[in-house]
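Report on one structure; see the data block that follows.
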Amino acid sequence: MTSRAAVRDLRQNLSKYLDRVKAGERFEVTERGTPVAMLVPLDDADDPVARMEAEGLVVRRAAGSIDELGPPPPAPPGPATAELLDEQREERL
Numbered sequence: 142m143t144s145r146a147a148v149r150d151l152r153q154n155l156s157k158y159l160d161r162v163k164a165g166e167r168f169e170v171t172e173r174g175t176p177v178a179m180l181v182p183l184d185d186a187d188d189p190v191a192r193m194e195a196e197g198l199v200v201r202r203a204a205g206s207i208d209e210l211g212p213p214p215p216a217p218p219g220p221a222t223a224e225l226l227d228e229q230r231e232e233r234l
């Protein structure tokens, strides 16, 4: 989870924030309540999923068994992918 840190508080307590970041915590840095930056551990900087999580594009779920997912949904009605590819190939000839 990402915590918030105001620029003023960050400036006054930078060492404490850096210790927390080293421990794996992430901070959204705000200026007058507006998000302006992310303070993340270096390992997270290269992790595309962590980057998407920070941007709010994905939400990590608790680790669990793949069996919890259940069966896949049924295929939508219509021709199979292989049939569509065959049709496209025939049209090119």
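Take 142 as the starting number for the sequence shown in this note's numbering and just add one per residue. All C-beta atoms in this analysis are idealised placements derived from N, C-alpha and C, irrespective of residue type, glycine included. Quick caveat, the model's predicted, so the values are computed rather than measured.
Secondary structure of residue i, DSSP reduced to three states
i	result
Leu234	coil
Leu180	strand
Glu172	strand
Ala201	The question names Ala, but residue 201 in the sequence shown is Arg. It is coil, neither helix nor strand.
Ser206	coil
Ala147	strand
Exposed unless 16 or more other CB atoms sit within 10 angstroms - verdict on residue i
i	result
Val199	exposed
Val181	buried
Minimum Cβ-Cβ distance from residue i to chain B less than 8 Å
i	result
Gly205	The chain labelled as chain B is not found in the depicted structure, where only one protein chain is given.
Residues near residue i in its chain [Cβ-Cβ closer than 8 Å; skip 5 each side]
i	result
Tyr158	Ala146, Leu151, Phe168, Leu180
Lys163	Pro182
Contact set for residue i: own chain, Cβ-Cβ below 6 Å, skip 5 residues either direction
i	result
Pro176	Glu169
Spatial neighbours of residue i in its chain, beta-carbon cut-off 7 Å, leaving aside the 5 residues before and after
i	result
Gly165	Pro182
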